[in-house]
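A.B. asks: The structure follows.
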Amino acid sequence: MENVTFLMETINITQRENGGYSHKKLEAWDIAGADTKIEDAYAPCTVRVLSILPYETTGFANTVFFGSCDEKGNQCPVRLGNKKESVLTFALTHSNDISDIKVGKIYKSGEPFYKEGTTGNATGNHIHVEVGEGWQTKKYKRSDGIWEITGCIPINGVFYFLEGWNKVKNLNGVSLPVVKYRSAIFSIVDAQKAFQIVAGKRKATGSDLQFLDINGDGVIDLSDVMKIFKIVAGD
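Here it is, written out as structure tokens:
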């Protein structure tokens with residue numbers, strides 16, 4: 011199963027959810043790169059383009075909806091930073107040019123798939139990000155007049171920090187859990203190690219806890235062991 015990794019190499023969260031500027035009562039982040047230039051965003055997991063809302067024809071600021079999928083483009087759950095597993099949609103907004111993005115196109119985890127920009131009501135190059143549960147293709151206008159992605163979920167808890175790749179400029183108070191891989195890669199050795207820990211034949215290290223505690227409940231238990239064995243078996 012793939013981990014949901016942060017969208018840009020340099021983490022620079024310029025406005026958080028429920029921000030005082032344009033994110034009041036909105037589960038969204040504005041993210042920018044290392045400087046004021048236009049930089050790429052990278053697929054946080056394997057995604058398929060579900061819908062596109064061009065500024066010229068819809069009034070939305072070049073918003074693109076990317077749904078988590080497998081290599082064939084079918085819906086596929088991914089592992090969030092809070093260790094929950096769900097099918098997700100990522101809505102990205104403000105790119106200046108989305109002409110090369112087509113509905114149905116698949117991007118593998120880590121591939122460049124969107125760029126910063128200022129299209130619409132934007133100050134300075136950045137990307138506005140919202141996340142919805144399930145596959146979503148539109149935004150709706152709430153009773154308070156705010157537009158948001160359907161199926162919107164809390165954005166804090168979605169992403170991981172990818173060790174060896176991500177760099178930090180501004181976390182803006184956010185704490186991102188760390189992973190070493192874009193995919194949660196388990197081997198039979200990992201399954202055996204988890205079983206030994208549960209059986210009391212091995213003491214869990216901090217690294218073991220971070221990697222093998224799939225349920226995210228602070229302990230490595232039989233439920234984690236069974237899930238790891240299933241992943242190893244390809245189920």
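Quick note on my numbering: the sequence shown kicks off at 11 and runs consecutively. Just so it is clear, CB atoms sit at the ideal spot from N, CA and C, and this is done for glycine as well.
1. Quick one: measure Cβ to Cβ for S197 and V242, integer angstroms, because I've assumed they're closer than 8 Å.
2. Looking at L102: is its Cβ nearer than 8 Å to the Cβ of T73?
3. Could you tell me which residues DSSP pairs with C162 in its beta bridges?
4. Could you check where the beta strand (DSSP E) with G77 kicks off and where it finishes?
5. Quick one: is D227 buried, meaning 16 or more other Cβ sit within 10 Å of its Cβ, or exposed?
6. Roughly how many angstroms separate the alpha carbons of Q114 and G210, rounded to a whole number?
7. Nearest-angstrom Cα distance between I41 and F169?
8. Count Cβ pairs between the segment 218-234 and the segment 148-160 that sit closer than 8 Å; are there 3 or more?
9. Report yes if the C-beta distance between T20 and A44 is below 8 Å; otherwise report no.
10. Whose C-beta lies closer than 8 Å to the C-beta of I111 among residues of the same chain, with five residues either side of it excluded?
11. What residue range does the beta strand (DSSP E) around F100 cover?
12. In angstroms, rounded to a whole number, what distance separates the CA positions of I224 and A201?
13. Let's see if you can read the secondary structure: which residues bound the beta strand (DSSP E) around V199?
C.D. replies: This is what the structure gives:
1. Sure, about 7 Å apart at Cβ, within 8 Å.
2. Their beta carbons are under 8 Å apart, which means L102 touches T73 by this criterion.
3. Beta-bridge pairing links C162 to G142.
4. Residues 73-78.
5. Burial state of D227 is exposed, judged by a 10 Å Cβ sphere holding fewer than 16 other Cβ atoms.
6. The displayed chain sequence assigns Gly, not Gln, to residue 114. Pairing G114 with G210, the inter-Cα distance amounts to about 48 Å.
7. In a straight line, the C-alpha of I41 is about 13 Å away from that of F169.
8. Cβ pair count under 8 Å is below three, so no.
9. Yes, they are a contact pair.
10. V59, I62, V74, F123, Y124, listed in sequence order.
11. Unbroken beta strand (DSSP E) run through F100: 98-103.
12. I224 and A201 have their C-alpha atoms spaced approximately 12 Å apart.
13. Where V199 is concerned, there is no enclosing beta strand (DSSP E), although the alpha helix (DSSP H) it sits in stretches over 198-208.
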